[in-house]
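To start, the structure under review is shown below, and the notes come after it.
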Amino acid sequence: MAVVEKPIVYGTVAFWLGKKAEELKSHRWTCYLRSNRPDEDLSLYIRKVVFTLHPSFNPPTRTVEKAPFDVVEHGWGEFDITAQVHFVDPTETPVDLLIPLRLYPETGEQLVAKRAVVAEKYDELVFINPSDTLHQRLLQAEKPGMGWSSHPLAEHWGSYDTAREAQQLRALREKVSGMLEGAQGRKADLEAEIRGLHAEISQLENKMR
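For the sequence shown, UniProt numbering gives the first residue as 1, with consecutive numbering after it.
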């Protein structure tokens with residue numbers, strides 16, 4: 001079985017535009033999907049990313065069909081953005097990502113004009129037995145000069161420790177798997193108990209007839 005894992009990062013970068021900015025356009029923000037590797041060209045295996053913004057934006061759905069896979073907008077409020085990732089191989093199921101837009105620092109510190117507020121998450125795209133064409137593209141994706149190293153926001157980005165992040169992801173997946181197995185076990189016990197109670201009820205009803 002062939003398994004290829006691609007480390008990705010998705011999130012938002014926002015800038016407060018200062019006191020003179022329009023009330024409804026107080027921030028400029030970018031929502032993005034990027035590789036964890038600066039020289040990786042996502043467009044070799046990603047066909048498009050469909051971003052769905054708050055309904056107040058016109059249009060609320062933005063389709064980006066080439067790298068960089070990002071959307072730049074202005075606004076004043078925080079909300080969740082969904083990003084659906086479509087691959088060059090149409091047989092691969094699209095992946096849905098939830099990206100919270102953050103405009104204000106979590107620490108509660110005072111806003112400073114043009115200081116970036118970065119909120120992003122590390123994850124991995126896992127391809128199991130990809131087609132020969134897709135497999136070749138996945139292996140060729142890393143090319144110097146084709147990634148995000150020259151992106152205007154590159155100074156606010158970095159690469160995550162993939163070994164550490166992957167270990168944390170595996171631990172979380174194992175925890176979820178264990179919780180599901182435990183829940184299934186408890187469900188089986190409850191179902192057996194319910195069947196026993198139904199049997200007792202039937203016996204009592206038969207005695208009362």
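We put the CB at the ideal spot given by N, CA and C, even for glycine.
Distance, residue j Cα to residue i Cα
| i | j | result |
| --- | --- | --- |
| residue 38 | residue 132 | 25 Å |
| residue 193 | residue 200 | 11 Å |
| residue 92 | residue 86 | 8 Å |
| residue 120 | residue 158 | 11 Å |
| residue 101 | residue 60 | 14 Å |
| residue 147 | residue 10 | 14 Å |
| residue 73 | residue 106 | 21 Å |
| residue 182 | residue 5 | 28 Å |
| residue 189 | residue 172 | 26 Å |
| residue 135 | residue 33 | 21 Å |
| residue 56 | residue 161 | 37 Å |
| residue 29 | residue 178 | 39 Å |
| residue 20 | residue 53 | 25 Å |
| residue 82 | residue 123 | 15 Å |
| residue 22 | residue 78 | 16 Å |
Coil, strand or helix - residue i by DSSP
| i | result |
| --- | --- |
| residue 47 | strand |
| residue 33 | strand |
| residue 88 | coil |
| residue 200 | helix |
Neighbour-count burial assignment, residue i, 16 or more Cβ in a 10 Å radius
| i | result |
| --- | --- |
| residue 36 | buried |
| residue 198 | exposed |
| residue 12 | buried |
| residue 96 | exposed |
| residue 70 | buried |
| residue 16 | buried |
| residue 128 | exposed |
| residue 152 | exposed |
| residue 2 | exposed |
| residue 26 | buried |
| residue 117 | buried |
| residue 112 | exposed |
| residue 196 | exposed |
| residue 49 | buried |
| residue 65 | exposed |
| residue 154 | exposed |
| residue 108 | exposed |
| residue 40 | buried |
| residue 130 | buried |
Beta-ladder partner(s) of residue i, from DSSP
| i | result |
| --- | --- |
| residue 10 | 33 and 121 |
| residue 15 | 28 and 116 |
| residue 70 | 32 |
| residue 80 | 100 |
| residue 75 | 27 |
| residue 5 | 126 |
Practice prompt. Within the region 92-157, note down every full alpha helix (DSSP H) run reaching 4 residues or more, in order along the chain.
Written response: Fully enclosed alpha helix (DSSP H) runs of 4 or longer: 132-140.
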